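Novice: One structure follows; several queries about it will come next.
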Amino acid sequence: MVVLISITACTDLYDDAYGSVVSEEFQPTSETDISALVNAAYVPWRKTMLLWNGVVRSQELSADQDVIPARIGIGWIDGYIYKRWHQHTWTSNDDGVYQGWARTFDGINTVNRILYQIDTNLITFTTDEIKNAVVAELKVLRASYYYILVDLYGNVPIVTDYADTSLPQQATREAVFDFIVSEITDNIGLLSEEPSGAYYGRMNKWVGHTLLAKMYLNAEVWKGSAMWAQCIEQCNEVITSGNYALEASQKNVFITDNENSSELIFALPMDEKYVTDWNAFDFHMQTLAQESQLTYDFTNAPWGGVCAIPQFIDSFDPSDNRLELNYIYGAQYSSSGDLLSINYTNAVPSIDESDKDDGYRWGKFEYKIGATNRLSNDFPVFRYADILMMKAEALLRSGQPGAGDLVTQVRMRAFDNAAYAQVTDAELALGSSYDYGRRDSYAETHEGGSDITYGRFLDELGWEFCQEGHRRQDLIRFGVFSSKSWFSHDASDTTKELYPIPYAILQTNSNLVQNPGYSN
1161 MVVLISITAC TDLYDDAYGS VVSEEFQPTS ETDISALVNA AYVPWRKTML LWNGVVRSQE
1221 LSADQDVIPA RIGIGWIDGY IYKRWHQHTW TSNDDGVYQG WARTFDGINT VNRILYQIDT
1281 NLITFTTDEI KNAVVAELKV LRASYYYILV DLYGNVPIVT DYADTSLPQQ ATREAVFDFI
1341 VSEITDNIGL LSEEPSGAYY GRMNKWVGHT LLAKMYLNAE VWKGSAMWAQ CIEQCNEVIT
1401 SGNYALEASQ KNVFITDNEN SSELIFALPM DEKYVTDWNA FDFHMQTLAQ ESQLTYDFTN
1461 APWGGVCAIP QFIDSFDPSD NRLELNYIYG AQYSSSGDLL SINYTNAVPS IDESDKDDGY
1521 RWGKFEYKIG ATNRLSNDFP VFRYADILMM KAEALLRSGQ PGAGDLVTQV RMRAFDNAAY
1581 AQVTDAELAL GSSYDYGRRD SYAETHEGGS DITYGRFLDE LGWEFCQEGH RRQDLIRFGV
1641 FSSKSWFSHD ASDTTKELYP IPYAILQTNS NLVQNPGYSN
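Quick note: the sequence shown uses our numbering, first residue 1161, plus one each step.
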């Protein structure tokens, strides 16, 4: 049985709650039919990234920018899962470890099911050209799910046959890397070159090039050999296409109705009305204190959890408007102008004990007045600023000129004085301004960041992409994730640069071997 997912609103929204069942034998006859067919396989992307304990948390809460401390009189202890995330003491039983695996493989399984239905002629097409394009899109989509898995878990099974009921064999991280790259390169020529319309939020050609750029950017970690030239080549494909441009203000990328942003390459369409998961996209609920309900007239009171780590906030240039655009801080007022009993400060005593006011709050995405517990902003997975920064990093690491000019392009909109936005290649090769070290009520140490190679470039990535689910991957690539301390986190071990295979998964497949550093 084929489940079709309706397309609603101008965002080409997809959600399985609005599916319609068609007969066993189905032939798409319009672009709408084809979109509905393939969009069923995109739903897990949203779920794996944004649902409770999703990949955004795996990437951000394990890193040096964000934390969910226990809140006095509020909660957020939750079996100490957030503390384990922060301190790199997670186990194979942790929910975040499980959800990253299970939801992502759900996407792979959905792709494989549709490909099987095509292979067995349960789904047919009016022309081979249409069929080949749909198959290519689905294979690149499957590769995009493996992009998540190779990053988080490394050594995972490569599953492509829906009809094969045998237990899948585990593949090495290098083999998974090669599979992803080959799937994209073999199929990218058949992908649509249309960046918007029916192909918004889907695997068009430019998303394919961006995925390849991401793979090559991380090749030294994931495959064992650097591929900077290939990364630059893929970035150039997107740049020279002319389909994308930086927004005049970074905030334009994150407004409620952001589906027409010139910067979005691959986004997850959201709509508070049609995406029905209770916590589908709820950054406002996760971060703001309950008093902030009166500021935005939310239909529900927020829960006051996640906040910025003060050391990261302190790393910002005071002239950089991204601090103000991306964070909510200071005294808060109701929508009618009344002073509220909440004042967000850049101080968090410890991960074990904090007040409702402690810590700057996430504010990168516009919080619409009157929003429910779900936001309608589309979530950017890949955007044009990322292309420029990937190319800049690859140029810098390969000893070629031009990184400073590219980073300056991204910085220009963040400074009122253009002179402050200028940065050179030499400056990007300097150490980090982040004052690493333990910094809570239990201990204070000062490791600094001057010893980090290309640390200034790492800072730039943090200032531009905070709250977007990038940071863990970036810290690993720069050798910081397991080597530095921050807030209530001590330097860990390189084995923590991969998550464990979930315990529940190990119990169902005897072919899987746990990642190094973890018990079964």
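Just so you know, even glycine gets a beta-carbon here, dropped at the ideal spot from N, CA and C.
Since the structure is predicted, the reported quantities are computational estimates derived from the model, not experimental observations.
Below 7 Å between beta carbons: does that hold for Leu-1327 and Asn-1671?
Specialist: Yes, these two residues count as a Cβ contact at 7 Å.
Novice: If I measure Cβ to Cβ from Lys-1207 and keep anything under 6 Å in the same chain, skipping five residues before and after, which residues do I get?
Specialist: Within the same chain, Lys-1207 has close Cβ partners Arg-1263.
Novice: For the beta strand (DSSP E) containing Ser-1501, list its first residue and its last residue.
Specialist: Note, Ser-1501: beta strand (DSSP E), 1499-1504.
Novice: Can you give the beta carbon distance from Leu-1588 to Ala-1563, rounded, assuming they're within the 8 Å contact cut?
Specialist: Their Cβ separation, rounded to whole angstroms, is 5 Å, which keeps Leu-1588 and Ala-1563 in contact under 8 Å.
Novice: Have a look at Leu-1635 and Asp-1224 and give me their C-alpha separation to the nearest angstrom.
Specialist: The alpha-carbon atoms of Leu-1635 and Asp-1224 are separated by roughly 9 Å.
Novice: To the nearest angstrom, how far is the alpha carbon of Leu-1372 from that of Gln-1394?
Specialist: When rounded, the distance between both Cα atoms is 7 Å.
Novice: Relative to the C-alpha of Phe-1458, which candidate in Gly-1465, His-1444, Pro-1470 has its C-alpha closest?
Specialist: Nearest of Gly-1465, His-1444, Pro-1470 to Phe-1458, Cα basis: His-1444.
Novice: Rounded to the nearest angstrom, what separates Ala-1461 and Gly-1214 at their Cα positions?
Specialist: Distance between the alpha carbons of Ala-1461 and Gly-1214: 22 Å.
Novice: Going by DSSP, what residues sit across from His-1649 in a beta bridge?
Specialist: According to DSSP, which records beta bridges pairwise, His-1649 is partnered with Trp-1646.
Novice: With DSSP run on the structure shown, which of helix, strand or coil describes Gln-1492?
Specialist: Here Gln-1492 sits in strand by DSSP.
Novice: How would you label Val-1181, buried or exposed, when you count the other beta carbons within 10 angstroms and need 16 or more for buried?
Specialist: Summary for Val-1181: the model assigns pLDDT 30, below 50, so the residue's position carries little reliability; its value from the coordinates is reported in the next sentence. The residue is exposed, with fewer than 16 neighbouring Cβ atoms inside 10 Å.
Novice: Could you check which residue in Ile-1511, Lys-1516, Asp-1512 has the C-alpha nearest to that of Tyr-1489?
Specialist: Nearest C-alpha to Tyr-1489: Lys-1516.
Novice: What does the alpha-carbon distance come out to for the pair Pro-1470 and Ile-1232?
Specialist: Cα-Cα distance, rounded: 19 Å.
Novice: With DSSP as the reference, identify every bridge partner of Pro-1328, one or two as the case may be.
Specialist: In DSSP, Pro-1328 forms no bridge with anything.
Novice: Compute the distance between the beta-carbons of Ile-1392 and Phe-1542, then report whether it is under 7 Å.
Specialist: For Ile-1392 and Phe-1542, no; Cβs fall outside 7 Å.
Novice: Evaluate Gln-1219 with the Cβ neighbour count: other Cβ atoms within 10 Å of its Cβ, from every protein chain shown; 16 or more gives buried, anything less gives exposed.
Specialist: By the 10 Å Cβ count, Gln-1219 comes out buried.
Novice: Measure the C-alpha to C-alpha separation of Ile-1612 and Arg-1273 and round it to an integer number of angstroms.
Specialist: Rounded to the nearest angstrom, the two C-alpha atoms are 45 Å apart.
Novice: Tell me the DSSP secondary structure of Tyr-1487 in three-state form.
Specialist: Looking at Tyr-1487 - three-state DSSP - the assignment turns out to be strand.
Novice: What is the rounded straight-line gap between the Cα of Leu-1483 and the Cα of Tyr-1456?
Specialist: Distance between the alpha carbons of Leu-1483 and Tyr-1456: 20 Å.
Novice: Confirm, please, whether the CB-CB distance from Asn-1486 to Ala-1574 is below 7 Å.
Specialist: No, they are not a contact pair.
Novice: Tell me the DSSP bridge mates of Gly-1349?
Specialist: Answer by DSSP bridge pairing: none, since Gly-1349 is not bridged.
Novice: So what does DSSP say about Trp-1522, is it helix, strand or coil?
Specialist: Strand at Trp-1522.
Novice: Just the C-alpha distance for Gln-1667 and Val-1310, rounded to the nearest angstrom, thanks.
Specialist: Taking the straight line from one Cα to the other gives about 21 Å.
Novice: Could you check the C-alpha separation between Val-1640 and Tyr-1276 for me, to the nearest Å?
Specialist: Whole-angstrom Cα-Cα distance: 43 Å.
Novice: Considering Val-1541, what are the terminal residues of the alpha helix (DSSP H) in which it resides?
Specialist: Element bounds for Val-1541: not the alpha helix (DSSP H) but the beta strand (DSSP E), 1539-1543.
Novice: Applying the criterion that 16 or more other CB atoms from any shown protein chain within 10 Å of the CB defines a buried residue, is His-1606 buried or exposed?
Specialist: Result: exposed.
Novice: I need the DSSP call for Pro-1317, collapsed to helix, strand or coil.
Specialist: In this structure, Pro-1317 counts as strand in the three-state DSSP scheme.
Novice: If you draw a straight line from the C-alpha of Ser-1495 to the C-alpha of Lys-1411, how long is it?
Specialist: Cα to Cα, the separation comes out at about 21 Å.
Novice: Does the beta-carbon distance from Val-1583 to Val-1570 come in below 7 Å?
Specialist: Not closer than 7 Å, so no.
Novice: Considering only their Cβ atoms, is the gap separating Pro-1662 from Trp-1693 smaller than 7 Å?
Specialist: In the structure displayed, the chain extends from 1161 to 1680; residue 1693 sits before or after that span and is not available.
Novice: Return helix, strand or coil for Ser-1222, following the three-state DSSP convention.
Specialist: Reduced to three states, the DSSP call for Ser-1222 is coil.
Novice: My output table needs one value for Val-1181: the three-state DSSP class, helix, strand or coil.
Specialist: Confidence at Val-1181 is low in this model, with a pLDDT of 30, below 50, so the placement of that residue is unreliable and no value is reported for it.
Novice: Taking only three categories from DSSP, how would you classify Phe-1337?
Specialist: In the structure shown, Phe-1337 sits in a helix (DSSP, three-state: H, G or I).
Novice: Measure the C-alpha to C-alpha separation of Thr-1416 and Val-1435 and round it to an integer number of angstroms.
Specialist: Approximately 14 Å, taken between the alpha carbons.
Novice: Can you list, in chain order, the residues of its chain with a C-beta nearer than 7 Å to that of Ala-1578? Leave out the 5 residues immediately preceding and following it.
Specialist: Met-1572.
Novice: Tell me Val-1227's beta-bridge partners as DSSP assigns them.
Specialist: Paired residue(s): Cys-1467.
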